[in-house]
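Everything in the sequence shown is counted per my numbering, starting at 77 for the first residue and increasing by one.
Think of the CB as a built atom: it goes at the ideal place given N, C-alpha and C, for glycine as much as any other residue.
What follows is a single structure, written as structure tokens, with notes after it.
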Amino acid sequence: MEGMTSDRTRKAITSIRSTLAIYQRRKVPGAADLARRAREALA
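See the structure below:
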């Protein structure tokens, strides 16, 4: 998602990241990788 400019997409990813934090604390497989990808998409 390089060069992302959509505000709707940015807001959706931000919302997903807060939900992902719960799963990361529970050590759900794949949650950390998905959180990393979301962080990179917002960068």
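Item, Value
"When the distance is taken between beta carbons, is ALA117 closer than 8 Å to GLN100?", "no"
"Does the Cβ-Cβ distance between ALA119 and ILE92 come in under 8 Å?", "no"
"With LEU96 and ALA88 assumed to form a contact (beta carbons below 8 Å), what rounded beta-carbon distance in angstroms separates them?", "Not a contact, Cβ separation roughly 12 Å."
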